[in-house]
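Here is the structure we will look at, set down as structure tokens.
Numbering (full-length UniProt numbering), first residue to last: 1 to 90.
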């Protein structure tokens, strides 16, 4: 996603190790698409609708210029839930 002069790259990430599990969304930014800086985790599974993981989705810029994240969460009953998030600090 390109927003306010910065490229944002989001990716599935397990912050606790190299194996599958604890799916979160990592976040990196770049000004030139060559050099990247990794930032804090963008989405952490800590709500009832994504407690078992924050999985693939996409990002977009809404018509009003606000960035939005659409992703699949997995709830406590292992149901897939479509979610919409609005970043606070991009």
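C-beta: ideal position from N, C-alpha, C; glycine also. These numbers were taken from a predicted model, which means no experiment stands behind them.
Unbroken beta strand (DSSP E) run spanning residue 46, endpoints = Unbroken run through residue 46: none, as it is neither H nor E.
Pick from 88, 50, 51 and 67: whose alpha carbon is nearest that of residue 58?
-> 67
Cβ shell of residue 90 (< 7 Å), same chain only, five flanking positions each side left out = 3, 8 and 67
What's the C-alpha gap between residue 64 and residue 71?
-> 20 Å
Could you tell me which residues DSSP pairs with residue 26 in its beta bridges?
-> 11
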